[in-house]
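Okay, so the sequence shown: first residue is 83 according to the numbering used here, each after it adds one.
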Amino acid sequence: QAILEGVMMRSPHSLAIAVRRPNGEIVVKEDRWVSIWDKARWLRKPFLRGAVVLFESMHNGMKALTFSADEAAKFMEEQEATESAAKAESAAHQAGSGVAKVAGPAAAAAAKESAGGGMSQLAIVGTIAISIAFGFALFAALPHFLTWAAGHLLGSEALISGKDLGFQVVDGVIKIAVLVGYMALISRMPDIQRVFQYHGAEHKSIYCYEKGLPLTVANARTFTTLHPRCGTSFLLITVVTSIALFSLIFPLMPEISDKKWLNQLAYVFVKLPLMFPVAGIAYEMTRLSAKFPTNLIVRGFTWPGLQLQHITTKEPDDSQLEIALVALQMTLRREMA
Numbered sequence: 083q084a085i086l087e088g089v090m091m092r093s094p095h096s097l098a099i100a101v102r103r104p105n106g107e108i109v110v111k112e113d114r115w116v117s118i119w120d121k122a123r124w125l126r127k128p129f130l131r132g133a134v135v136l137f138e139s140m141h142n143g144m145k146a147l148t149f150s151a152d153e154a155a156k157f158m159e160e161q162e163a164t165e166s167a168a169k170a171e172s173a174a175h176q177a178g179s180g181v182a183k184v185a186g187p188a189a190a191a192a193a194k195e196s197a198g199g200g201m202s203q204l205a206i207v208g209t210i211a212i213s214i215a216f217g218f219a220l221f222a223a224l225p226h227f228l229t230w231a232a233g234h235l236l237g238s239e240a241l242i243s244g245k246d247l248g249f250q251v252v253d254g255v256i257k258i259a260v261l262v263g264y265m266a267l268i269s270r271m272p273d274i275q276r277v278f279q280y281h282g283a284e285h286k287s288i289y290c291y292e293k294g295l296p297l298t299v300a301n302a303r304t305f306t307t308l309h310p311r312c313g314t315s316f317l318l319i320t321v322v323t324s325i326a327l328f329s330l331i332f333p334l335m336p337e338i339s340d341k342k343w344l345n346q347l348a349y350v351f352v353k354l355p356l357m358f359p360v361a362g363i364a365y366e367m368t369r370l371s372a373k374f375p376t377n378l379i380v381r382g383f384t385w386p387g388l389q390l391q392h393i394t395t396k397e398p399d400d401s402q403l404e405i406a407l408v409a410l411q412m413t414l415r416r417e418m419a
C-alpha cells in the first residue's frame, strides 16, 4: 500500500513500512505479522476471508500512515531543535555564556518526546470507524438517495421502490461515477499525486518479484504501474458485485413504514452488513486474476479496474522505486529466515 512518502508491504508473516524523510534518509519499520486467520482458521474459508482482508488492510494502512506522518513530524521537530540549538549557541558565544551546552540536548529530547508518541490502538480504530462512516455516506447513502430522487423526477416506479433491478443498476452506475470523480478530484492534489507515484512503484516492485527477477530499480522500472490485484480494481469489482447481490436480496425486503423516506433509510443501513458478503465475493473474483491471468473472462472483469488505475497510479521516479523495493525486501527477509 502506498502512503505519504513511502510504501507498506505485507507478506504472510511480515509487515514492513519504508518511508523517505525530507533529508533523503530511508526509515524502515518491520514487524512480525499475525493475521486474524492464525487465531480463527475458519475465517480462511472462501467468501469469509475477503472481509478479513478488507478490515486488516484498513487497520494496517492506518498504522502505516501514522508511522509516515510521525516520521515527517519527527524530522521537522529535529530540524527546529537543531536551529534552536544553533541560535542558542550563537547567543551564548556572544554573551560569553555556556547556556548553549544545555539548550541543544534539551531541545532534542523535547522534540523526540513530542514526535514519538504516535496513535494509540483506540485512536486507530476510531479513525477507521470515521473512515468507514465517510465512505458509507459517500459511496452508499448518496448514490442510493440520488437514484431515489431520480425516480421521483422521472416518475419511475422501479427507481422509487429502492428494490428493483433497475434501481440497483442505476445506483451502481452512480456509485462508479462518484468513485471515479472522487479519485480524479483528489489526484489533483500534489501530495496525493506523490502517493499515487508510490502506488505505481509498489506495483512495479511486485511485478519484479513475481517475474523472479533481482529486486533492483533497473528491473522494476521496466514494468507497468497497472496490476490486476490492486485495491482499486477490488473497489470496482465490489461495486459490480453489490449490484448483483442487492438485486437478489432487496426484492425480498419488507417495508417497515408508511413513510417512503424511512423505508429508503432502512434499505441504506441494510447495505452496511451486506458489504461483508459483497467483499467476500469480490475478493474471490480478484484472486481469480492470479490463478487464471490469461483467461479471457477473467481478463474481461479485471480490465475496468486496470483502466481506473490510470488515475490511482502514476509513473514513479527511481527514488520511489527504491523505497518500494526496500519495503518488499524487508518482508521477504523474514519469510526466508
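Every residue gets a Cβ at the ideal spot worked out from N, C-alpha and C, and that includes glycine.
Keep in mind the model is a prediction, meaning the values are calculated, not measured.
As assigned by DSSP and simplified to three states, the class of residue i
i           : result
residue 337 : coil
residue 269 : coil
residue 88  : strand
residue 295 : coil
residue 113 : strand
residue 93  : strand
residue 232 : helix
residue 415 : helix
residue 102 : strand
residue 410 : helix
Neighbour-count burial assignment, residue i, 16 or more Cβ in a 10 Å radius
i           : result
residue 307 : buried
residue 250 : buried
residue 128 : exposed
residue 131 : buried
residue 148 : buried
residue 99  : buried
residue 116 : exposed
residue 417 : exposed
residue 237 : exposed
residue 106 : exposed
residue 310 : buried
residue 283 : buried
Residue i versus residue j: straight-line alpha-carbon distance, rounded
i           : j           : result
residue 349 : residue 332 : 8 Å
residue 243 : residue 109 : 54 Å
residue 413 : residue 404 : 15 Å
residue 126 : residue 119 : 6 Å
residue 231 : residue 400 : 49 Å
residue 351 : residue 215 : 11 Å
residue 93  : residue 390 : 25 Å
residue 420 : residue 133 : What is shown of the chain runs 83 to 419, which leaves residue 420 out entirely.
residue 121 : residue 136 : 17 Å
residue 410 : residue 299 : 12 Å
residue 321 : residue 383 : 12 Å
residue 345 : residue 312 : 36 Å
residue 86  : residue 104 : 12 Å
residue 255 : residue 387 : 15 Å
residue 396 : residue 278 : 5 Å
residue 419 : residue 375 : 30 Å
residue 339 : residue 367 : 37 Å
residue 336 : residue 360 : 21 Å
residue 142 : residue 363 : 22 Å
residue 316 : residue 341 : 36 Å
residue 371 : residue 111 : 30 Å
residue 88  : residue 153 : 11 Å
Contact with chain C by residue i, beta-carbon distance below 8 Å
i           : result
residue 300 : Protein chain content of the structure displayed is limited to a single chain, and chain C is not contained in it.
Extent of the continuous alpha helix (DSSP H) run through residue i
i           : result
residue 373 : 342–373
residue 392 : 378–394
residue 326 : 313–331
residue 238 : Element bounds for residue 238: n/a, residue is neither H nor E.
Runs of alpha helix (DSSP H) wholly within the stretch 117–142 (minimum 4 residues, chain order): Those alpha helix (DSSP H) runs which fall completely within the stretch 117–142 and span 4+ residues are 118–121.
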